[in-house]
Amino acid sequence: MLRVFNTLSNTKEEFKPINENKVNMYVCGVTVYDFCHVGHARSSGVFDIIRRYLLHKGYDVTFVKNFTDIDDKIIKRSNEANIPWTELTAKFMDEHNADMDSLNILRPTHTPKATDYIKQMIEMCETLINKGFAYESNGDIYYRVQKFEEYGKLSHRKLEDMMAGARIEVNDNKENPFDFVLWKAAKPGEPSWTSPWGEGRPGWHIECSVMSEDILGLPFDIHGGGKDLVFPHHENEIAQSEAACGCMFSKYWIHNGFVNVNQEKMSKSLGNFFTIRDVLKEFDAEIVRYFLLTTHYRSSLDFSQDHLLEAEKSLNRIYTMLDELNRFNPGKKGVDVTAEAEKMVETFMQKFEAAMDDDFNTPEALAAMFEVIRETNTLLASKPNKIGFPALLKAVETVFCVIKSVLGVTKYSPEEWFRINLSIPEDELNAKIQARTDAKKNKDFATADNIRNELLEVGIELQDTIDGTIYRASKIRTFS
RNA sequence: GGCGACGUGGCCGAGUGGUUAGGCAGCGGACUGCAAAUCCGUGUACCCCAGUUCGAUCCUGGGCGUCGCCUCCA
Numbered sequence: 466m467l468r469v470f471n472t473l474s475n476t477k478e479e480f481k482p483i484n485e486n487k488v489n490m491y492v493c494g495v496t497v498y499d500f501c502h503v504g505h506a507r508s509s510g511v512f513d514i515i516r517r518y519l520l521h522k523g524y525d526v527t528f529v530k531n532f533t534d535i536d537d538k539i540i541k542r543s544n545e546a547n548i549p550w551t552e553l554t555a556k557f558m559d560e561h562n563a564d565m566d567s568l569n570i571l572r573p574t575h576t577p578k579a580t581d582y583i584k585q586m587i588e589m590c591e592t593l594i595n596k597g598f599a600y601e602s603n604g605d606i607y608y609r610v611q612k613f614e615e616y617g618k619l620s621h622r623k624l625e626d627m628m629a630g631a632r633i634e635v636n637d638n639k640e641n642p643f644d645f646v647l648w649k650a651a652k653p654g655e656p657s658w659t660s661p662w663g664e665g666r667p668g669w670h671i672e673c674s675v676m677s678e679d680i681l682g683l684p685f686d687i688h689g690g691g692k693d694l695v696f697p698h699h700e701n702e703i704a705q706s707e708a709a710c711g712c713m714f715s716k717y718w719i720h721n722g723f724v725n726v727n728q729e730k731m732s733k734s735l736g737n738f739f740t741i742r743d744v745l746k747e748f749d750a751e752i753v754r755y756f757l758l759t760t761h762y763r764s765s766l767d768f769s770q771d772h773l774l775e776a777e778k779s780l781n782r783i784y785t786m787l788d789e790l791n792r793f794n795p796g797k798k799g800v801d802v803t804a805e806a807e808k809m810v811e812t813f814m815q816k817f818e819a820a821m822d823d824d825f826n827t828p829e830a831l832a833a834m835f836e837v838i839r840e841t842n843t844l845l846a847s848k849p850n851k852i853g854f855p856a857l858l859k860a861v862e863t864v865f866c867v868i869k870s871v872l873g874v875t876k877y878s879p880e881e882w883f884r885i886n887l888s889i890p891e892d893e894l895n896a897k898i899q900a901r902t903d904a905k906k907n908k909d910f911a912t913a914d915n916i917r918n919e920l921l922e923v924g925i926e927l928q929d930t931i932d933g934t935i936y937r938a939s940k941i942r943t944f945s
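Those letters in the first sequence? Residues 466 to 945, by our numbering.
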């Protein structure tokens, strides 16, 4: 039984989709005016894994992630760069997609853009005005927060409490300082659309209300995003959508924790962010993806080079096992490990699903995977015979098929993984390995060790096995 | 000021009212020409104080500390 933590109830709840086998989910995407940073990677990674696990459970998942392609920051940035805002947003949508692809994040089923839904946003404004939930003021349209009795139910705060500690700016156009804008009148020179209230453009929150309803219908199953969106963004979405339709908006609300740098939230405003692009120059995308799995999605995740290096070592351990498995030649002698292999898969599946069923506990799921790795290494050391080895191979394939499809890591073959960072031509390397093998044959261990040390300095590690010498290349890093 | 989260062994990080998380690093052993990889063994861990309990790291109350939301933000 899958249990998910619902921000709305502040508890883990049994997950029961509204329609049998169908899951509709909507995740808030990015405002496209800059490159994505690691915080975006986390959010995207988290919801990708949630989606993949739901698929694994057999659900038919429709996954919507929007692009916010009109807002103050976009206008500002396009003015600064002196390029049309549409060009700016088109560029960063492409860049966003490239980053997400490299992180092995499945493309959403739908990726609506706010500006494609202007008409529907105007209609929702009209509906809300007609129902008394919104009002016009100098060409702006505001949501009348006090009219929506349940306002605050997601973020668990009361309007009165918020008013008491209010530290928000006074705006003469508003009836109440917590009223938020649905539609704003255009200033001269700004991009704008024609509306019943004159030229203007949409406020931020309304796009998600409109696009989710248009594509998924109401209510839908899961609405997600970063923790920082709980208030005001998601609270406001609920107010708009539930007031407009008179029904439930989303059944489950899922929010991911932040990425921290030195105990502080990584954010644009603090300026302590790393773009995905920059991190990928130093670390393979799979390392970044694995790193995201090492902490539960609701906790904050501390971003540092050390943690990425640890993630890399963990992946090395995984690929080492897979490599040794691939290279193993079973003999006539040996043991039949069929029973152990079958038991191993069974135990893994049980532990893996229990972990993921418990609010997508990926660190515990990884622990189950590492148990398979140790067990497999042990079984390999016991020399499986021609009957036992295929059973072991099949068992490991079954396990890693799940790891690949749900967690989205170990997409490489071991050969690829240990070759990504090869720093010298392979011919040259093979020649050196041959020279060392010759030296070893002549008991000239000094020469052999020199060659080995020389290669180690360029990131290539040699290992002697029964079937000859193999190599593993790792990235030479300039820092630390 | 209002609301909330967190504090686990050298580091990271799950979890539980009494019985092994897992990874990284360290130490001892096996293996190796030596290594590496791997396996085996190895750690008086749960911020402080009080309470509930036969028993609390896990429950309750208080304290200290860190962080987040309340303004754009994944």
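Glycine is no exception: its CB is placed at the ideal position from the N, C-alpha and C atoms.
Extent of the continuous beta strand (DSSP E) run through residue 1013
Since the first and last residues shown for the chain are 466 and 945, residue 1013 lies out of range.
- Could you work out which residue in 911, 490, 567 is closest to residue 714 when comparing CA atoms only? 490
**Item:** Own chain residues within Cβ distance below 8 angstroms of residue 800, not counting five before or after
**Value:** 847, 848, 849, 850, 853
*Pairwise C-alpha distance: residue 826 and residue 468*: 11 angstroms
Just to check my reading of the structure: residue 637 and residue 608 have Cβ atoms closer than 8 angstroms, yes? What is that Cβ distance to the nearest angstrom? The Cβ separation is near 17 angstroms, so there is no contact.
By Cβ distance, which residues of its chain are closer than 8 angstroms to residue 516, with the 5 residues on each side in sequence left out? 490, 526, 528, 571
Would you kindly report the start and end of the unbroken beta strand (DSSP E) that includes residue 937? 933-938
Bounding residues of the beta strand (DSSP E) (the contiguous stretch that carries residue 667):
663-667
Any idea what DSSP makes of residue 945, helix, strand or coil? The pLDDT assigned to residue 945 is 46, lower than 50, so where the model puts this residue is not dependable; a value taken from the coordinates is nonetheless given after this. In the structure shown, residue 945 sits in coil (DSSP, three-state: anything other than H, G, I, E or B).
What are the start and end residues of the beta strand (DSSP E) that includes residue 483?
Unbroken run through residue 483: none, as it is neither H nor E.
- prompt: Taking the Cβ atom as the reference point for each residue, do residue 802 and residue 844 lie within a distance shorter than 7 angstroms?
  reply: yes
- What do you reckon, are the CB atoms on residue 753 and residue 504 nearer than 7 angstroms? no
Secondary structure at residue 557, three-state DSSP: helix, strand or coil?
helix
Would you kindly check if the distance between the Cβ of residue 830 and the Cβ of residue 821 is under 7 angstroms? yes
Check your understanding: By a C-beta neighbour count over all protein chains shown, 10 Å radius and 16 as the cutoff for buried, is residue 647 buried or exposed?
Key -> buried
TODO: Determine the contact status of residue 744 and residue 813, defining contact as a CB-CB distance below 7 angstroms.
DONE: no
Have a look at residue 664 and residue 582 and give me their C-alpha separation to the nearest angstrom. 16 angstroms
Discussion item. Let me check understanding here. Comparing Cα to Cα, which of 879, 787, 927 lies closest to residue 900?
Written reply: 927
Going by the DSSP bridge assignment, what does residue 928 pair with across the sheet? 935
Query raised in the report: Ordered along the chain, which non-local residues of its own chain (more than five positions away) have a Cβ less than 6 angstroms from that of residue 787?
Result: 879
Taking DSSP as the reference, what is the three-state secondary structure of residue 513? helix
Given a cut-off of 7 angstroms, decide if residue 679 and residue 585 are closer than it, judged by their beta-carbon atoms. yes
Problem - Buried versus exposed call for residue 1018 [16 or more other C-beta atoms within 10 Å across all chains shown] - result: Since the first residue shown for the chain is 466 and the last is 945, residue 1018 is missing from the structure and cannot be characterised.
Relative to the alpha-carbon of residue 721, which residue among 542, 628, 921, 690 has its alpha-carbon at the smallest distance? 690
* For the beta strand (DSSP E) that contains residue 912, what are its first and last residues? -> Where residue 912 is concerned, there is no enclosing beta strand (DSSP E), although the alpha helix (DSSP H) it sits in stretches over 910-922.
Tell me the DSSP secondary structure of residue 740 in three-state form.
strand
Could you tell me whether the stretch 595-605 touches the stretch 681-695, using the rule of 3 or more Cβ pairs below 8 angstroms? no
Margin query: Measuring alpha carbon to alpha carbon, tell me which residue in 930, 698, 693, 923 is nearest residue 939.
Written below: 923
Checklist entry - Taking Cβ to Cβ, would you say residue 677 is nearer than 7 angstroms to residue 705? => result no
field: Buried versus exposed call for residue 606 [16 or more other C-beta atoms within 10 Å across all chains shown]
entry: buried
Please report how far the alpha carbon of residue 931 lies from the alpha carbon of residue 479, in whole angstroms. 52 angstroms
Exercise for review: Within 10 angstroms of the Cβ of residue 596, are there 16 or more other Cβ atoms? Answer buried if so, exposed if not.
Suggested key: exposed
inquiry  = Please classify residue 835 as buried or exposed, where buried requires at least 16 neighbouring CB atoms within 10 angstroms.
reply    = exposed
List the DSSP bridge partners of residue 505.
-> BP columns for residue 505 are empty, so no partner.
**Prompt:** Any contact of the stretch 654-673 with the stretch 534-541, i.e. 3+ C-beta pairs under 8 angstroms?
**Reply:** yes
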